[in-house]
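> Residue numbers (the working numbering): 13 to 181. Just so you know, even glycine gets a beta-carbon here, dropped at the ideal spot from N, CA and C.
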């Protein structure tokens, strides 16, 4: 069976994207990257095992939003989108490109930086946990490099239809 987006989930992504000033495709690409293409609200980060869900909420972030990673993991993807929106809403108006949206999730202090800004260097904790984002293997990760793998998810989300849930289908 070909994968598709559940209509309520997709419609909520469209609404949130409009509120943030981005495109549904960009938001879907970030969530696809963060969940390894699964869009699972219960998926845990393979590096630290603490981050959870559609945008890999850290425990402290979940707490600041009035929930926990355990509670987020029990939600449906559509339910979890309300927390995605609550987390991203302070960045509304600053999310001009896919790289800005990804930085809002990955390293918010770099949202408005240029794409060639170094966000991590070899020897630091951020670099060691994310060395796979150093595309040119020069010991530094730029905002553009960090976003490259997210961009790789754009094509698949663009090709994923919204499910047709009419009776009998």
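1) Under 7 Å between the Cβ atoms of residue 116 and residue 93?
2) Which residues mark the beginning and the end of the beta strand (DSSP E) in which residue 137 is found?
3) Could one say the Cβ of residue 102 lies closer than 7 Å to chain B's Cβ atoms, at least one of them?
4) To the nearest angstrom, how far is the alpha carbon of residue 35 from that of residue 26?
5) With distances taken between CB atoms, is the gap from residue 174 to residue 41 smaller than 7 Å?
6) Alpha carbon to alpha carbon, how far is residue 106 from residue 69?
7) Is residue 155 buried or exposed, if buried means 16 or more other CB atoms sit within 10 Å of its CB?
8) If contacts are defined as beta-carbon pairs under 8 Å, then residue 15 and residue 172 qualify, I think. What distance do you get, rounded to the angstrom?
9) What does the Cβ neighbour count give for residue 61, buried or exposed, with the cut at 16 atoms within 10 Å?
10) Beta-carbon within less than 6 Å of residue 39's beta-carbon, same chain only, minus the 5 sequence neighbours each way: which residues are those?
11) How about residue 131 and residue 153: are their beta carbons less than 7 Å apart?
12) Where does the unbroken beta strand (DSSP E) through residue 154 begin, and where does it stop?
The answer reads as follows:
1) The residue labelled residue 116 in the question sits at position 104 within the chain shown. The residue labelled residue 93 in the question sits at position 81 within the chain shown. With contacts defined as CB atoms closer than 7 Å, residue 116 and residue 93 fail to qualify as a contacting pair.
2) Numbered from its first residue, the chain shown carries residue 137 at position 125. Premise fails: residue 137 lies in the alpha helix (DSSP H), 137-141, not in any beta strand (DSSP E).
3) Absence of chain B from the displayed structure is noted, only one protein chain being present.
4) Translated into positions along the chain shown, residue 35 becomes position 23. Translated into positions along the chain shown, residue 26 becomes position 14. Spanning the two alpha carbons is a distance of roughly 7 Å.
5) Stepping through the chain shown from its first residue, residue 174 is reached at position 162. Stepping through the chain shown from its first residue, residue 41 is reached at position 29. Their beta carbons are not under 7 Å apart, which means residue 174 does not touch residue 41 by this criterion.
6) The count along the chain shown starts at 1 and reaches residue 106 at position 94. The count along the chain shown starts at 1 and reaches residue 69 at position 57. C-alpha separation (whole angstroms): 20 Å.
7) Residue 155 sits at position 143 when you count from the first residue of the chain shown. Its Cβ being crowded by 16 or more others within 10 Å, residue 155 is buried.
8) Taking the first residue of the chain shown as position 1, residue 15 is located at position 3. Taking the first residue of the chain shown as position 1, residue 172 is located at position 160. Cβ-Cβ separation between residue 15 and residue 172: approximately 6 Å, consistent with a contact (criterion under 8 Å).
9) In the chain shown, the residue the question calls residue 61 occupies position 49. So residue 61 ends up on the exposed side.
10) As a first step, residue 39 is located in the chain shown; it is residue number 27 there, counting from the start. Excluding sequence positions up to five before and after residue 39, its CB lies within less than 6 Å of the CB of 25 and 29, all in the same chain and listed in chain order.
11) As a first step, residue 131 must be located in the chain shown, where it is residue number 119. As a first step, residue 153 must be located in the chain shown, where it is residue number 141. Contact flag set, yes.
12) One-based indexing of the chain shown puts residue 154 at position 142. Its beta strand (DSSP E) spans residues 152-154.
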